[in-house]
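Chemist:
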Amino acid sequence: MKRMIASVCVAGSLLIAPIQSFAGVNTGGNQQIIVKDGWVFEQNNWYYYVNNVPASGWKKIQGTWYYFESNGVMKTDWYFDGTNWFYMNSNGGMETGWKKVQGTWYYFESNGVMKTDWYFDGMNWFYMNSNGGMEIGWNKIGGAWYYFENSGVWVASNDADYLYTIGENQQLILVTANDYGTSKAEIQTFEKRNNKWYPVYAAMQGYIGRNGFAYTMAEGGKSSPRGKYTIGTAFGRYGNPGTKLPYRQITSNDVWVDDSNSSLYNTWQQKPANGRWSSAENMNIPQYDYGFVINYNTERIAGAGSAIFFHISDMYTYGCTATSRENVLSVLRWLNPAKSPVIVQTPESELKYY
Numbered sequence: 001m002k003r004m005i006a007s008v009c010v011a012g013s014l015l016i017a018p019i020q021s022f023a024g025v026n027t028g029g030n031q032q033i034i035v036k037d038g039w040v041f042e043q044n045n046w047y048y049y050v051n052n053v054p055a056s057g058w059k060k061i062q063g064t065w066y067y068f069e070s071n072g073v074m075k076t077d078w079y080f081d082g083t084n085w086f087y088m089n090s091n092g093g094m095e096t097g098w099k100k101v102q103g104t105w106y107y108f109e110s111n112g113v114m115k116t117d118w119y120f121d122g123m124n125w126f127y128m129n130s131n132g133g134m135e136i137g138w139n140k141i142g143g144a145w146y147y148f149e150n151s152g153v154w155v156a157s158n159d160a161d162y163l164y165t166i167g168e169n170q171q172l173i174l175v176t177a178n179d180y181g182t183s184k185a186e187i188q189t190f191e192k193r194n195n196k197w198y199p200v201y202a203a204m205q206g207y208i209g210r211n212g213f214a215y216t217m218a219e220g221g222k223s224s225p226r227g228k229y230t231i232g233t234a235f236g237r238y239g240n241p242g243t244k245l246p247y248r249q250i251t252s253n254d255v256w257v258d259d260s261n262s263s264l265y266n267t268w269q270q271k272p273a274n275g276r277w278s279s280a281e282n283m284n285i286p287q288y289d290y291g292f293v294i295n296y297n298t299e300r301i302a303g304a305g306s307a308i309f310f311h312i313s314d315m316y317t318y319g320c321t322a323t324s325r326e327n328v329l330s331v332l333r334w335l336n337p338a339k340s341p342v343i344v345q346t347p348e349s350e351l352k353y354y
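Count the sequence shown with the UniProt record's numbering and you get residues 1 to 354, in order.
(1) In the structure shown, what three-state DSSP assignment does A307 receive?
(2) Excluding the five sequence neighbours on either side, which residues of its own chain have a C-beta within less than 8 Å of the C-beta of N295, listed in chain order?
(3) Looking at the strands, I want to know which residues DSSP matches up with S224.
(4) Please classify Y162 as buried or exposed, where buried requires at least 16 other C-beta atoms within 10 Å of its C-beta.
(5) Just how far apart, CA to CA, sit I343 and V175?
(6) Applying the 10 Å Cβ sphere with the 16-neighbour rule, what's the burial state of E149?
(7) Would W98 pass as a contact of Y87 if the rule is Cβ separation under 8 Å?
(8) Less than 8 Å between the C-beta atoms of K112 and W65, yes or no?
(9) By how many angstroms is the C-alpha of T321 removed from the C-alpha of W277?
(10) Is the number of C-beta pairs between the segment 163-183 and the segment 132-151 that are closer than 8 Å three or more?
(11) In the DSSP output, what is W98 paired with across the bridge?
(12) Which one of V35, N266 and S157 has the shortest CA to CA distance from R300?
(13) Checking the sheet assignment: what are the DSSP bridge partners for Q171?
(14) Run through DSSP, which three-state label would P286 get?
(15) Just reading off the alpha helix (DSSP H) that R325 is part of, what are its end residues?
(16) If you count every other CB in all the chains shown that lies within 10 Å of the CB of S157, and 16 or more means buried, which is it?
(17) DSSP three-state call for residue 391: helix, strand or coil?
(18) Below 8 Å between beta carbons: does that hold for S75 and G92?
(19) How far does the beta strand (DSSP E) with Y164 in it extend, from its first residue to its last?
(20) Here's the rule: buried if 16 or more other CB atoms are within 10 angstroms of the residue's CB, otherwise exposed. What is T323?
(21) Can you list, in chain order, the residues of its chain with a C-beta nearer than 8 Å to that of D117? Leave out the 5 residues immediately preceding and following it.
(22) Quick one: measure Cβ to Cβ for N284 and T251, integer angstroms, because I've assumed they're closer than 8 Å.
(23) From N313 to G236, what distance separates their C-alpha atoms?
(24) From E348 to W85, what does the alpha carbon distance come to, in whole angstroms?
(25) Going by other Cβ atoms of all chains shown within 10 Å of its Cβ, with 16 needed for buried, is S260 buried or exposed?
(26) Might you give, ordered along the chain, the residues of its own chain that have their beta carbon closer than 8 Å to the beta carbon of L264, omitting 5 neighbours on each side?
(27) Does V40 pass the burial test, meaning 16 or more other C-beta atoms within 10 Å, or should it be called exposed?
(28) Might you give, ordered along the chain, the residues of its own chain that have their beta carbon closer than 8 Å to the beta carbon of M249, omitting 5 neighbours on each side?
(29) Around the Cβ of R334, are there at least 16 other Cβ atoms within 10 angstroms (buried) or fewer (exposed)?
(30) Take the Cβ of S224 as the centre, count every other Cβ of all protein chains shown within 10 Å, and call the residue buried at 16 or more, exposed below.
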């Protein structure tokens, strides 16, 4: 990079000293004027002199850029010019390309400027946060969630990319379980942009029916339906939390009819029953602080199951899909009926059918 040191052997010891580029000028007497030129190490700092004048600001020396402060001291470590960040290595050279600094990867453009935002290296996409650090894992960018491998590479493909029944939809909630017979589920959210599906939120821990997904649904079976369903009315015991879905606030008289013999089976009604049904689910409960209707059994086939919702819970349900309050609110605020949202529920082994 630069000729900074010379080795001098004295009495068997190796002494390391910087090369001082001095030029002596004879004035005709015994006095000699020392002219500094090139690299000079003094007062524990490196300087670069040109005809006895220390360089300041940017200077390219033997193909490498350096930055010198106003007092001539060679800069190392981070440097901010008022607009952009640069990194000068321990030898003072300006870094370009990838550089790991104190455990974090950064990318510096060919002019040395630290990269922020998206970066494409010709093969893969990376994301450098506002501090320049390369992101890994799940990260929320511009309102959407993206996943990056430990190498920083954005994982562009996801489960939604392989589904063939959602071509007309722009929003997808995907609920999967490892197999039948488990009440634990993973909830993923995706949105389509430019014919490509992108994750919206990090995968959520969720729950389905106590008996898992059902081969065949039956009223009272404590299982959740498999299939692809549209999104119905949003609801809650409080005011609209900011969803674009049609919203209905629950009152103390609201029920969902689960009497298979009633003409109002699988519909939202209000008490009193007055003989119209013999059984109905109370809607005014904490689990329904917020949620939405999954449009299952809209034909209202008697005994095929009723009151299938997406709602709040931290444990198994009796047929609904549930997750935390925070997650439910996030999903509600994201869903947009103009984007034809759907929910697909299935064991992972049967994703190929959707």
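No residue lacks a Cβ here, since even glycine has one placed at the ideal position from N, Cα and C.
Modeler: The answer reads as follows:
(1) coil
(2) Y229, T230, I231 and G232
(3) F213
(4) exposed
(5) 7 Å
(6) exposed
(7) no
(8) At residue 112 the sequence reads Gly, which differs from the Lys that was named. Cβ atoms of G112 and W65: closer than 8 Å.
(9) 25 Å
(10) no
(11) Y107
(12) N266
(13) E191
(14) helix
(15) R325 to W334
(16) exposed
(17) Summary: the structure shown does not reach residue 391, with the chain confined to residues 1 through 354, and so no result is reported for it.
(18) According to the sequence shown, residue 75 is Lys rather than Ser. Yes, Cβ-Cβ distance for K75 and G92 is below 8 Å.
(19) Careful: Y164 lies outside any beta strand (DSSP E) and carries neither H nor E.
(20) buried
(21) Y127 and M128
(22) 7 Å
(23) A small correction: the amino acid at residue 313 is Ser; Asn does not occupy that position in the sequence shown. Approximately 14 Å, taken between the alpha carbons.
(24) 46 Å
(25) buried
(26) V257, R276 and W277
(27) buried
(28) The question names Met, yet the displayed sequence has Gln at residue 249. Same-chain partners within the cutoff: F235, G236, R237, Y238, G239 and N240.
(29) A small fix is needed here, since residue 334 is Trp in this sequence, not Arg. Per the 10 Å Cβ criterion, buried.
(30) buried
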